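In my numbering, the protein residues as written are 3 to 183.
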């Protein structure tokens, strides 16, 4: 039996769910589907906590409270850990604000490489569209770890798809298997 760790980019998962009309999923079912019959070491969920914006304090505090409850729920699941990057606010040339995740890919890369180098996993199941992970994936593969990418068609690069050992598209059937009861 293989030893598996699952690595989920929370922002990417939200993007995937948006493309399927934001269904409510069961995260335990998601991990079970990703890991298959193999033994789970741990599931990691990477995301950023929302910001409290000036002039939007009340609505942002409500959003942040909901988000904190969600993260608490995830961390209450067996073998599930949340790790947080930072959310940065930028002003676009047209004056609109844009929020960008920072450090999420670095945190994921560190965990991927560390678990592989310590021979704690034989398989890494990754849900991301971030090609910044390619160097870490190459290191992990050199350590003998099989890397499977779970991705939404049209939302990742060809280079990322080519770098992983197995590429599993997330489609309607996949999402159906993860729905909450």
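Ideal Cβ placement from N, Cα and C applies to all residues, glycine included.
Note that the structure is a prediction, hence the values are computed from the model and not measured.
Residue-chain proximity (residue i, chain D), Cβ-Cβ < 7 Å
i	result
residue 44	Annotation note: the requested chain D is absent from the structure, which comprises a single protein chain.
Beta-carbon contacts of residue i that lie in its chain and below 7 Å, excluding the five residues immediately before and after
i	result
residue 79	29, 30
residue 142	114, 115, 118, 126, 149
residue 2	Examination of residue 2 is not possible in this model, given that the chain is present from 3 through 183 alone.
residue 109	48, 85, 87
residue 94	100
residue 105	87, 88
Residue(s) in a DSSP beta bridge with residue i
i	result
residue 88	104
residue 46	9, 83
residue 126	7, 149
residue 72	None, per the DSSP bridge assignment.
residue 93	99
residue 41	5
residue 112	None, per the DSSP bridge assignment.
residue 27	181
Residue i versus residue j - alpha carbon distance
i	j	result
residue 91	residue 97	12 Å
residue 39	residue 59	45 Å
residue 72	residue 27	12 Å
residue 37	residue 180	13 Å
residue 86	residue 3	31 Å
residue 82	residue 99	32 Å
residue 170	residue 67	34 Å
residue 70	residue 15	17 Å
residue 43	residue 6	6 Å
residue 124	residue 147	5 Å
residue 111	residue 182	30 Å
residue 155	residue 172	7 Å
residue 76	residue 144	31 Å
residue 107	residue 138	10 Å
residue 157	residue 120	31 Å
Own chain residues within Cβ distance below 8 Å of residue i, not counting five before or after
i	result
residue 136	161, 162, 165
residue 62	52, 53, 54, 55
residue 35	176, 179, 180
residue 153	129, 130, 131, 162, 163, 169, 170, 171, 172
Same chain, Cβ closer than 6 Å to residue i, five either side skipped, listed in chain order
i	result
residue 159	133
residue 41	3, 5
residue 65	52
(request) Could you tell me which uninterrupted beta strand (DSSP E) segments, each at least 3 residues in length, are contained entirely in the stretch 150-183, listed from first to last along the chain? (result) List check, beta strand (DSSP E) in window: 168-171.
(request) Kindly confirm or deny that the stretch 55-71 and the stretch 17-27 touch, where touching means at least three C-beta pairs closer than 8 Å. (result) When Cβ pairs closer than 8 Å are counted between the two stretches, the stretch 55-71 is seen not to touch the stretch 17-27, the count staying below three.
(request) Would you be able to state if there are at least three C-beta pairs under 8 Å between the stretch 42-53 and the stretch 165-178? (result) The stretch 165-178 is not in contact with the stretch 42-53.
(request) Evaluate the contact criterion for the stretch 8-16 versus the stretch 127-134: three or more CB pairs, one atom per stretch, below 8 Å. (result) Yes, they touch.
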